[in-house]
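Heads up, the thing below is written out as structure tokens.
In the numbering used here, the protein residues as written are 1 to 141.
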């Protein structure tokens with residue numbers, strides 16, 4: 001991400017520990033192309049603590065997409081959009097009424113993708129000791 005001037009993830013996050021936890025809970029989803037893992041995300045009905053005070057618009061059971069990422073060679077080719085669509089299907093099948101996702105404010109590519117796919121910007125908020133805010137998005141299912 002830093003190579004594309006995107007400071008969202010730096011250092012060890014997300015790392016093996018988060019991946020192992022997602023796998024153990026059955027919440028990890030992998031984009032596999034010809035046996036090569038090229039994208040990953042976690043989908044569940046657990047929200048980060050910071051989400052609790054945000055002004056969400058949709059009532060009911062919310063699902064959250066965590067740690068969505070695709071290999072840099074696949075950017076802007078529709079793979080992240082396909083993964084988001086899969087997350088929406090997963091949430092719907094489990095009784096979800098909406099999807100929540102956030103991104104660090106400098107990540108304008110993700111924000112554009114979310115808006116293009118019908119996600120509404122809810123607000124900005126701070127977390128993880130980052131100097132700039134995150135942007136919260138929601139999509140009703």
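From the three backbone atoms N, C-alpha and C, an ideal C-beta is built for every residue, glycine too.
Practice task
With residue 121 as the anchor, note down where its beta strand (DSSP E) starts and where it stops.
Solution key: It spans 120 to 125 - the beta strand (DSSP E) in which residue 121 sits, taken as one unbroken run.
Exercise for the section: Quick one: grab the DSSP three-state call for residue 138. Expected result: Three-state result, residue 138: strand.
Practice task
Put residue 96 into one of helix, strand or coil per three-state DSSP.
Solution key: Looking at residue 96 - three-state DSSP - the assignment turns out to be coil, as it is neither helix nor strand.
Exercise for the section: For residue 113, count neighbouring C-beta atoms within 10 Å of its own C-beta (all shown protein chains included) and say buried if the count is 16 or more, exposed if not. Expected result: Result: buried.
Handout entry: Nearest to residue 27 (by Cα), restricted to the options 67, 79, 124, 38
Key = Of the listed residues, the one whose Cα sits closest to residue 27 is 67.
Practice task
Please classify residue 26: does DSSP put it in a helix, a strand, or coil?
Solution key: If DSSP states are grouped into helix, strand and coil, residue 26 belongs with coil.
Exercise for the section: Provide the residue span of the beta strand (DSSP E) that contains residue 36, from first to last. Expected result: Annotation: the continuous beta strand (DSSP E) that includes residue 36 extends over 36 to 44.
Handout entry: Cβ-Cβ separation, residue 79 to residue 31 (assumed contact under 8 Å), whole Å
Key = Indeed, because the Cβ distance is near 6 Å, the residues count as touching under 8 Å.
Exercise for the section: Using a threshold of 8 Å, state whether the C-beta atoms of residue 59 and residue 141 are closer than that. Expected result: Taking C-beta atoms as the reference points, residue 59 and residue 141 fail to come closer than 8 Å.
Exercise for the section: Output the distance between the C-alpha atoms of residue 129 and residue 107, rounded to the nearest integer angstrom. Expected result: The straight-line gap separating the alpha-carbon atoms of residue 129 and residue 107 is approximately 17 Å.
Exercise for the section: For residue 101, count neighbouring C-beta atoms within 10 Å of its own C-beta (all shown protein chains included) and say buried if the count is 16 or more, exposed if not. Expected result: Flag for residue 101 reads buried.
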